[in-house]
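Following: one structure in structure tokens, then a few remarks.
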Amino acid sequence: VTDGTVLEVSRVDRYSKRGPQGPENGGLSVSLLGDDGVRYYGSHLSVVSAGVDAGVRVRAGQQLGKVGRTGNANNVCHVHFGISPPCTGKDGWWIRRGVLWPARYLDSWRRGGNREPAAEVIAWQRTHGCPKAP
Numbered sequence: 001v002t003d004g005t006v007l008e009v010s011r012v013d014r015y016s017k018r019g020p021q022g023p024e025n026g027g028l029s030v031s032l033l034g035d036d037g038v039r040y041y042g043s044h045l046s047v048v049s050a051g052v053d054a055g056v057r058v059r060a061g062q063q064l065g066k067v068g069r070t071g072n073a074n075n076v077c078h079v080h081f082g083i084s085p086p087c088t089g090k091d092g093w094w095i096r097r098g099v100l101w102p103a104r105y106l107d108s109w110r111r112g113g114n115r116e117p118a119a120e121v122i123a124w125q126r127t128h129g130c131p132k133a134p
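For the sequence shown, the tail end lands on 134 under UniProt numbering, and the numbers increase by one without skipping.
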């Protein structure tokens, strides 16, 4: 998709059905700020790749982790893929998990296209700002 810098990494699954819903729902996860100004988030991973740590530069196509079923994935192996503006850190989980429906971008990239989400993310942020609560 794009080169970028890792913002946050969760290597420990702290999700609990008894705990607060939201902040830890993703289980093992990686969030990065792409060079296009968009935050990309992948969660429910089974493992985060070695060397993928906050502040590290990553390249488009680099493996960041492996698909899994951590967090609230309900034992269904998948990756939650979020696209959002780079608002707040971990306390902004409701934005980090994604504000755009990613299917059209994923479909484009899968076909070798280069559809960019930056304009849609900027438009969303102009309208909504960076909400302080879900």
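Every residue gets a Cβ at the ideal spot worked out from N, C-alpha and C, and that includes glycine. The model shown is predicted, which means the values in this text are computed figures rather than measured ones.
Quiz prompt | Three CB pairs or more closer than 8 angstroms across the stretch 84-101 and the stretch 45-53 | solution = no
Quiz item: Using 8 angstroms as the Cβ pair cut-off and three pairs as the minimum, do the stretch 59-72 and the stretch 20-34 touch?
Solution: Of all C-beta pairs linking the stretch 59-72 to the stretch 20-34, three or more are shorter than 8 angstroms, placing the two stretches in contact.
Exercise. Starting from the Cα of Q125, find the closest Cα among I83, P102, G112 and give me that residue.
Key: Among I83, P102, G112, the Cα nearest to that of Q125 is on I83.
Exercise. With distances taken Cα to Cα, identify the nearest neighbour of V9 among G26, G22, D53.
Key: Nearest of G26, G22, D53 to V9, Cα basis: D53.
Self-check item: Where A123 falls, given that 16 or more other Cβ within 10 Å makes a residue buried
Solution: exposed
Quiz item: Between V6, A60, G71, R59, which lies nearest to R18 when the distance is taken from Cα to Cα?
Solution: G71
Quiz item: Can you pull the DSSP bridge partners for E8?
Solution: S31
Quiz prompt | Nonlocal neighbours in the same chain, by C-beta distance under 6 angstroms from residue 135, ignoring five residues either side | solution = Because the chain is modelled from 1 through 134, residue 135 falls outside the range shown and cannot be assessed.
Exercise. Would you decide whether W93 is buried or exposed? Buried here means 16 or more other CB atoms lie within 10 Å of its CB.
Key: buried
Self-check item: Bridge partner(s) assigned by DSSP for Y41
Solution: S31, G82
Exercise. Report the three-state DSSP secondary structure of S46 (helix, strand or coil).
Key: strand
Quiz item: Do G42 and V79 have their CB atoms nearer than 7 angstroms?
Solution: yes
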